[in-house]
Each structure stands twice: as structure tokens, then as C-alpha cells.
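Chains as they are written, first to last, in the working numbering: chain A, 199 to 512; chain B, 1334 to 1602.
For each residue, glycine too, the CB sits at the ideal point set by N, CA and C.
First up is the structure itself, then whatever we jot down about it.
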């Protein structure tokens, strides 16, 4: 399967959006190399602003620029955006309802060897709790591009996670992203698997392996985490009675908890949450952490196999 | 009515509105009056109709707790009916203590968490300058607010981006919530700090409206590629005898007797 670099996708997409949106500006806090915005800087130096290592100020300036009609795309590591600059994101962007697009790069364990201080364990949790904020975790580069495009055209605060590195592209180039709609990647009735971002491709692999075991999985990819597609979650629970969620984030207040809340309010049933089980990240490779934290295909297969065995009384 | 008379009137109305609301940040609302008057009535061409002009000057009250003083000025300038001042801090009211751009016409940016209005004002100045607008952006800060690191991040960025359309005014009343600023967090050589960050610096008596107006006008005219700051030396609780210079009146509630004393002080001006 083709792989694409998230970083390159950001740069290319910004160049494309820059023509369509003359008010689009790009803001960085000394991590333009990480986000991939450098090609934009080269083509549109007058629309590119570097704030140095000052994330709070970058977000504050972004809100002011938006207040006079600009469409700022501001990026920094997901951990810094959601922690260091959180008060500015809440008040200057959210409370003021400014048209700012926040890109959280090196999301979750894709920060890899930068280690525990840089691995965002709570960015979805924090961003999801901010009124007016939309939250996205794209599954691949094609979808990232579509979500960036959606964000540029949407009036209001947006947070988008961006993973570091090259990842398999499972969407075709003519894929249509639909806001607040889960994408059904496979239908099934034994269990539902709901994934987002990094975990979706792992989910695709897991579903394939489980199919060989005779286990049919309803697999939903949930790129829009806030708001969340309630109807899809309800349907998944009605159909299977058991939802497994997997995310590159703490299991506290991320995708899994959002799914739990919808299930509890609609069709109660069992939810198993895969993700960081209330621990920080560490200095390690992505594969190592995905496996250790149980969010790779192995982790999903194991949990689902053992759950189905129990379900069947074996 | 000259600008000082206007200031006196706004100060009295602010005091009345805050008493009626049950109390608030008297100290900083009363100290900032001449600064607001000079900017809104003297420097800017500020009226409800100006809001539709994308190239209008902007005033950001970064010390958002001085909302009541701004509201009194906005009502006076016709942004909303004066009766609305009775809704200050009221449940379901349309005048929240800390200024709110989505609720109050004339408020350009919602503030309260200190330092944030200053960054946002910098962003406005940057965006306006990038499209060669002639507009200026005025940000009013408290001196206690300058404890915030974000203030200095903004100061550094504004100089870096050569924002000579950006004017900060510090309402330096030397008090903050817990005590006098020198006892809580000494600002040290305050003007030199700004100079070191690359700003034009001016100082004046911040409760003399003509002096404030003259100083700001001088800074606006500079246009030398640097942002400018006016350190306006004010008196906390200005005009009310028992509040003047007393940090304990950063915020509080008034007894009826205190209210009558204050009113007498303000009417005697």
C-alpha cells in the first residue's frame, strides 16, 4: 500500500488552499519543519509568521489575526498546543469564537523518541471539552488533506491532529470526507471496532485477520471526534452489543469515552477502550509503543478474540 | 464638555453602575478612566457606525476586569442604550464583568485571563499592517498584568514584526490583587524593560487626560518601525478618597455609607 508523509501533505495542501483563500496565513512557533509548512513559507513569505518558541503568543496572535479577517493555520506539537497554549486556545480562540485552525503535530506516540514530555496523551480530551471547538484525527494523508480543506472553509475554531511520519494511504484520491460521519470500512455483526487517526489502518489489518478466524467485525473509522456521529455509534451497538475503540491517546476522555457516553445515552452495551491506560508515553519507536500499549492490530485482534471466546462461553 | 470633564462624568457613572451591580473591580476601573477617554474620545474615530469599517482603529482592553468603565463609555458613545448598564453582572444580563465581544457591541475582543488581549491586539496590528491598512491598534494593560509571560512574548513579537501601528498603554496604578506591585512582583525598571524589548517608551500622568492624549498622539506619529508603549502613571481607585492608592480596593463591595462618601468625592471634582 502506498504511504504518504503527513508533513509533505500539510505543505502541499496549504499551497493549494492559499490560492483559494487569499486570507489564509500560516503561523508557526519554531516548528515549521515539523508541520511541513516550509513550502508555503517559500512561496508566500508575506503570509507566513514565525513566533519563535512561544506557543501561547502564537495562538493569541492567531486569534487577533482572525478577528480582522485572516484565516490563520497555526501549528505546533499536539502536546504544546493542548497543554502549553491551552488557556489561549480556550479563551482567545474558543470563547472569542475566532476562525483559527489549530494543527497539533507529532500527535500522540508518533512523537516517538521525543519521549514522554512530547507525547500528547490528552490533546483530544482537552480540545473536545472546549465549547465551539471541532476535533479531527485523520486516518491517512488523503483524509488529512480533505479535513484541512474542510477547516479552511469552515467558519470557527478547529483542531486537527497530525501524525509524524509516513503512513499507509487507505483512502483513494477521490474519497469524499463527510463532516461528522463515521466511515464504514467493513460490515459485521460479532463486534464493532471504532478507530480514529493512526489506529484505523491497524484496525483494517485486525479486521482482515479476524475474518480468517470467522469473526465478523463492523469497523467504523471516526475522523470527526467532536462532534461525534451518534447515529453510527448507536447503530454499531444495536447491531453487535459490543464496541471496541482504539486511539492514539489516553483512554480518558478521548474517542473511547465519547463512544461510551453516546452508548450510555442511547443503546447501552459493553465498550472496551484501547489506548493509553492512564500512563504517559516514553522514548521509543512507534511500532514498539503501538504494540506495548495494545493499539496495533495485534492488540485489537487479541482483545476481540478473547472477548468473542467469552461471549461464546468457551 | 472638555475631555477632563468627560472623564469625570464617566468615572462617576462607572462608580454608580458598579455600586448598583453589587461591587466589582473599583480600583482598576477608576484608574483607567482618563486612558479610555483619551483613546476612545480623543485619538480614535470611534462610533457604532465605525464598526463596519475593516480599516477602523481598534482598542483592546486587555485588563478585561475594567469592563464596567468601558461599558459606561460605550453607552455614552451610543453603542447601546444607557439602561443596559443596569444589567452589569446580573444573571442573564448582557454586560458581563469581563468584557465579551459576542455580547457587547463595541467590544473588539473578549478578555479576562491576563495577557491574552495583548497578544490578540498584536495579531490585529500584524494583520492590519500586512494589508497596508492605516489603522492603529491600542491595547490597554494593567501593571499587574505585566507579570504574565505572555505580555513579554507579545512585546518581543511586536518589535520583531515592526508593528509601528501598535500602541500599548499600561495603566500603572502600582497595585494588584494581593498587595502593591512592588511587594508582589517588583516590575523593576519598567520603562527600561520595554526599551530593551525594542519599544518606543513614553511616560505621563495617567489621570491627566490631556497629558495622556498628547503622549499617545506623539507615539502614534512616530511610525519608526517600532511598537510604542505609554506608561500611564495612575492612582488606583482614583477620585474616591478611601480607595485611592489602596490595593485592597482592587475589587470589593461598597456599603451605602461608602457609596455616599465616594459619590460626594466624585461630585466635588
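Query raised in the report: DSSP on residue 1551 of chain B, reduced to helix/strand/coil?
Result: Shown here, residue 1551 of chain B sits in a helix according to DSSP, grouped into three states.
Query raised in the report: Name the chain A residues that come within less than 9 Å of residue 1387 of chain B, Cβ to Cβ?
Result: In chain order: 266 and 267.
Query raised in the report: In chain B, which residues lie with their C-beta within 8 Å of the C-beta of residue 244 of chain A?
Result: Identification of chain B residues near residue 244 of chain A by a Cβ-Cβ cut-off of 8 Å yields 1463, ordered along the chain.
Query raised in the report: Excluding five sequence neighbours on each side, which residues of the same chain lie with their C-beta closer than 8 Å to the C-beta of residue 512 of chain A?
Result: With a pLDDT of 47 at residue 512 of chain A, under the threshold of 50, the modelled position of this residue cannot be trusted, and the question is left open.
Query raised in the report: So with Cβ pairs under 8 Å, would you call residue 1355 of chain B a contact of chain A?
Result: No, no contact with chain A.
Report task. Using the Cα positions of residue 1414 of chain B and residue 1389 of chain B, report the straight-line distance between them to the nearest angstrom. Result -> Approximately 22 Å, taken between the alpha carbons.
Query raised in the report: Listing by chain order, which chain A residues have their CB less than 7 Å from the CB of residue 1446 of chain B?
Result: 285 and 289, listed in chain order.
**Report entry** residue 1598 of chain B versus B/1564, B/1577 and B/1581, residue with shortest Cα-Cα distance
**Finding:** That would be B/1577, whose Cα lies nearest to the Cα of residue 1598 of chain B.
Requested in this report: Look up residue 1543 of chain B in the DSSP assignment and say whether it is helix, strand or coil.
Outcome: Residue state, collapsed to three classes: helix.
Query raised in the report: What distance in whole Å lies between the Cβ atoms of residue 1418 of chain B and residue 1439 of chain B, which are believed to be in contact at a cut-off of 8 Å?
Result: In this structure residue 1439 of chain B does not touch residue 1418 of chain B by the C-beta definition: roughly 13 Å separates them, more than the 8 Å allowed.
Report task. Compare the C-beta of residue 510 of chain A with all C-beta atoms of chain B and state if any pair is closer than 8 Å. Result -> By the rule that beta-carbons nearer than 8 Å mark a contact, residue 510 of chain A does not touch chain B.
Query raised in the report: Given residue 1374 of chain B, which residues of its chain have a CB within under 7 Å of its CB, disregarding the five upstream and five downstream residues?
Result: Correct list, in chain order: 1336 and 1339.
Query raised in the report: Beta-carbon of residue 249 of chain A versus every beta-carbon of chain B: anything under 8 Å?
Result: Contact with chain B is found for residue 249 of chain A, since one of that chain's Cβ atoms lies less than 8 Å from the residue's Cβ.
Report task. Could you list which residues in chain B have their beta carbon closer than 8 Å to that of residue 297 of chain A, in chain order? Result -> Residues of chain B passing the Cβ test: none, with the nearest at roughly 12 Å.
Query raised in the report: Alpha carbon to alpha carbon, what distance is there between residue 258 of chain A and residue 1544 of chain B?
Result: For the pair residue 1544 of chain B and residue 258 of chain A, the Cα-to-Cα distance works out to about 31 Å.
Query raised in the report: What number of angstroms, rounded off, separates the C-alpha of residue 243 of chain A from the C-alpha of residue 365 of chain A?
Result: Each residue's Cα considered, the two are about 29 Å apart.
Query - residue 1368 of chain B in three-state terms, based on DSSP - result: The answer is helix: DSSP assigns residue 1368 of chain B an H, G or I state.
Report task. At 4 residues or longer, and completely inside the region 356-429 of chain A: list those alpha helix (DSSP H) runs for me, N to C. Result -> Inside the region 356-429 of chain A, DSSP marks whole alpha helix (DSSP H) runs of 4 or more residues at positions 396-410, from first to last along the chain.
Report task. For residue 1518 of chain B, decide whether its Cβ has a neighbour in chain A, counting only Cβ atoms nearer than 8 Å. Result -> Chain A contact via Cβ: absent.
Query raised in the report: Do three or more CB pairs link the region 493-504 of chain A to the region 441-461 of chain A at distances below 8 Å?
Result: In the pairwise beta carbon analysis, the region 493-504 of chain A is classified as touching the region 441-461 of chain A: at least three pairs are separated by under 8 Å.
Query raised in the report: Roughly how many angstroms lie between the CA atoms of residue 1356 of chain B and residue 1345 of chain B, to the nearest whole one?
Result: Residue 1356 of chain B and residue 1345 of chain B have their alpha carbons spaced roughly 14 Å apart.
Requested in this report: May I have the straight-line CA-CA distance separating residue 270 of chain A from residue 283 of chain A, to the nearest angstrom?
Outcome: Their backbone Cα atoms lie some 15 Å apart in a straight line.
Query - Of the residues B/1380, B/1343 and B/1485, the one placed nearest residue 1366 of chain B, counting alpha carbons only - result: Nearest C-alpha to residue 1366 of chain B: B/1343.
Query raised in the report: Distance, Cα to Cα, residue 481 of chain A vs residue 495 of chain A?
Result: Looking at the two C-alpha atoms, the distance is approximately 21 Å.
Query raised in the report: Are the Cβ atoms of residue 1449 of chain B and residue 286 of chain A separated by less than 8 Å?
Result: Yes.
Requested in this report: Could you tell me which chain A residues have their CB closer than 8 Å to the CB of residue 1407 of chain B, listed as they occur along the chain?
Outcome: Chain A residues near residue 1407 of chain B: none, gap ~18 Å exceeds 8 Å.
Query - Beta carbon proximity, residue 399 of chain A to chain B, threshold 8 Å - result: So, not an interface residue.
Query raised in the report: Can you list the residues of chain A that residue 1490 of chain B reaches, using a CB-CB cut of under 8 Å?
Result: Residues of chain A passing the Cβ test: 249, 250, 252, 255 and 259.
Query raised in the report: Which runs of the beta strand (DSSP E), 3 residues or longer, sit entirely within the region 1500-1584 of chain B?
Result: Those beta strand (DSSP E) runs which fall completely within the region 1500-1584 of chain B and span 3+ residues are 1533-1538 and 1561-1566.
Query - Best match in A/206, A/484, A/493 and A/468 for proximity to residue 475 of chain A [C-alpha to C-alpha] - result: Selection A/206, A/484, A/493 and A/468 evaluated against residue 475 of chain A yields A/493 as nearest (Cα-Cα).
Requested in this report: Find the nearest neighbour of residue 1458 of chain B within the set B/1500, B/1429 and B/1432, judged by alpha-carbon distance.
Outcome: Nearest of B/1500, B/1429 and B/1432 to residue 1458 of chain B, Cα basis: B/1500.
Query raised in the report: Just to confirm, are residue 1520 of chain B and residue 1478 of chain B a CB contact at a threshold of 8 Å?
Result: Their beta carbons are not under 8 Å apart, which means residue 1520 of chain B does not touch residue 1478 of chain B by this criterion.
Query - Per-residue contacts from residue 293 of chain A into chain B (C-beta, under 7 Å) - result: Ordered by position in chain B, the residues that pass the 7 Å Cβ test against residue 293 of chain A are 1443.
Query raised in the report: Beta-carbon of residue 263 of chain A versus every beta-carbon of chain B: anything under 8 Å?
Result: The C-beta of residue 263 of chain A comes closer than 8 Å to at least one C-beta of chain B.
**Report entry** Distance between residue 1399 of chain B and residue 342 of chain A (C-alpha atoms, nearest Å)
**Finding:** If you take the alpha carbons of residue 342 of chain A and residue 1399 of chain B, they lie about 43 Å apart.
Query - Pairwise C-alpha distance: residue 1443 of chain B and residue 1429 of chain B - result: Those two C-alpha atoms are separated by around 10 Å.
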